[in-house]
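44 is the number of the first residue of the sequence shown in our numbering; add one for each residue after it.
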Amino acid sequence: MDVLPDKTTLRHWLSAHRDRPRVLVPTMGALHRGHTSLFDRARTEAGRIGGEVIATIFVNPTQFAPHEDFDAYPRPLEADLALCRAHGVDAVFTPVAHEMYAPDRSITVSESRLSTTLCGASRPGHFDGVCTVVAKLFLLTQPALAVFGEKDFQQLAVIRRMVRDLDFPIGIIGAPTVREEDRLALSSRNVYLSSEERAQAPILQRALATTARGIASGDLATPETARVHFLAAFADATLARLDYFEIVDASTLEPLQSFGANEPRLLAAAFFGKTRLIDNVEVS
Ligand code: PAF
44 MDVLPDKTTL
54 RHWLSAHRDR
64 PRVLVPTMGA
74 LHRGHTSLFD
84 RARTEAGRIG
94 GEVIATIFVN
104 PTQFAPHEDF
114 DAYPRPLEAD
124 LALCRAHGVD
134 AVFTPVAHEM
144 YAPDRSITVS
154 ESRLSTTLCG
164 ASRPGHFDGV
174 CTVVAKLFLL
184 TQPALAVFGE
194 KDFQQLAVIR
204 RMVRDLDFPI
214 GIIGAPTVRE
224 EDRLALSSRN
234 VYLSSEERAQ
244 APILQRALAT
254 TARGIASGDL
264 ATPETARVHF
274 LAAFADATLA
284 RLDYFEIVDA
294 STLEPLQSFG
304 ANEPRLLAAA
314 FFGKTRLIDN
324 VEVS
């Protein structure tokens with residue numbers, strides 16, 4: 044596996060490997076089984092197209108607000124590289140912030156519809172940071188395909204929209220959320236939870252899942268009854284503060300007023316202490 048610490052080494056690697064299409068997995072490091080499942084998916088896709096897997100590890104400062112956990116975000120680079128190697132990644136781009144952003148940079152990629160609600164409402168500017176860095180990583184690594192986790196469902200929808208609207212010639216693959224045995228979605232932020240918060244954290248997924256089952260069975264016939272059910276189920280998480288719960292159309296992220304032809308997706312975010320967790324489920 045090649046480790047590419049800057050744009051120059053990346054460009055040399057690309058020109059030496061220019062005959063092979065690439066599958067990209069962008070990450071911020073602190074890798075866990077959620078990320079390695081993305082590498083495994085990328086490996087499968089790369090095998091299908093006769094290509095190679097390139098991962099990026101970059102804790103992107105522009106997607107963190109000043110009060111968020113950018114400085115504290117874990118950066119276990121050696122362990123991350125070992126995981127990349129073990130999961131068949133061919134090359135890892137690991138730039139530092141000044142490689143990616145000029146001090147007087149003045150261009151931002153901004154999505155103005157899907158990114159204003161849900162996490163975008165509580166984290167203003169977050170998706171501008173995500174779109175800008177992902178657009179740069181696309182341009183720098185020039186992949187044929189890129190793999191993102193469905194755990195960040197809004198991010199996936201925003202990136203699909205950016206690819207569509209800016210004509211990036213890249214196929215976007217959404218990969219399923221990986222969960223602990225108690226169904227808590229894997230996240231680099233789970234390490235911040237106290238043992239009491241960790242014990243209650245799976246209630247977020249349970250409340251989403253029972254609500255989704257109620258919608259699927261017809262017991263929860265309207266978005267309003269589904270919301271009441273979710274709030275009652277989530278009340279068991281006495282240490283948590285709900286940030287949002289929404290039932291949206293899976294492709295437009297517009298809130299649903301009724302259950303009809305649309306494909307509903309249930310999304311929620313909650314603070315357990317200072318740790319903000321997100322999760323989402325489909326209605327099947
Ligand atoms: O999902 C993430 O880890 C980040 O938002 C991403 C896509 C790597 C951009 O920094």
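For each residue, glycine too, the CB sits at the ideal point set by N, CA and C.
Among the options, which one has its Cα closest to the Cα of residue i?
{"i": "residue 64", "options": "85, 193, 46", "result": "85"}
{"i": "residue 124", "options": "163, 79, 170, 317", "result": "79"}
{"i": "residue 168", "options": "326, 272, 129, 103", "result": "103"}
{"i": "residue 52", "options": "258, 138, 66", "result": "138"}
{"i": "residue 228", "options": "216, 217, 249", "result": "249"}
{"i": "residue 276", "options": "300, 298, 294, 251", "result": "251"}
{"i": "residue 111", "options": "216, 126, 314, 199", "result": "314"}
Return yes when the Cβ of residue j is within less than 9 Å of the Cβ of residue i, no when it is not.
{"i": "residue 182", "j": "residue 136", "result": "no"}
{"i": "residue 176", "j": "residue 254", "result": "no"}
{"i": "residue 331", "j": "residue 283", "result": "Residue 331 is absent from the model: the chain starts at 44 and stops at 327."}
{"i": "residue 133", "j": "residue 97", "result": "yes"}
{"i": "residue 231", "j": "residue 73", "result": "yes"}
{"i": "residue 290", "j": "residue 321", "result": "no"}
{"i": "residue 273", "j": "residue 288", "result": "yes"}
{"i": "residue 165", "j": "residue 312", "result": "yes"}
{"i": "residue 101", "j": "residue 70", "result": "yes"}
With a threshold of 8 Å (Cβ to nearest heavy atom), would residue i be considered close to ligand 1?
{"i": "residue 184", "result": "no"}
{"i": "residue 357", "result": "As shown, the chain starts at 44 and ends at 327. That puts residue 357 outside it, with no answer to give."}
{"i": "residue 191", "result": "yes"}
{"i": "residue 322", "result": "no"}
Assign residue i to buried or exposed, taking buried as 16 or more other Cβ atoms, counted over all protein chains shown, within 10 Å of its Cβ.
{"i": "residue 77", "result": "buried"}
{"i": "residue 150", "result": "exposed"}
{"i": "residue 260", "result": "exposed"}
{"i": "residue 209", "result": "exposed"}
{"i": "residue 194", "result": "buried"}
{"i": "residue 219", "result": "exposed"}
{"i": "residue 173", "result": "buried"}
{"i": "residue 318", "result": "buried"}
{"i": "residue 120", "result": "exposed"}
For a cutoff of 9 Å on Cβ pairs, would you count residue i as touching chain D?
{"i": "residue 178", "result": "Among the protein chains of the structure shown there is no chain D, as only one such chain exists."}
Residue ranges of each alpha helix (DSSP H) run of no fewer than 4 residues wholly in the region 95-151, ordered along the chain? 120-129, 140-143
Ranges of the alpha helix (DSSP H) found wholly within the region 258-283, counting only runs of at least 4: 266-277
Of all the alpha helix (DSSP H) runs that stay within the bounds of the region 156-231, which reach a length of 4 or more residues? 162-165, 169-184, 196-208
Considering only residues of the region 60-100, which uninterrupted alpha helix (DSSP H) runs meet the minimum length of 4 residues and lie entirely inside it, listed in chain order? 76-92, all fully within the region 60-100.
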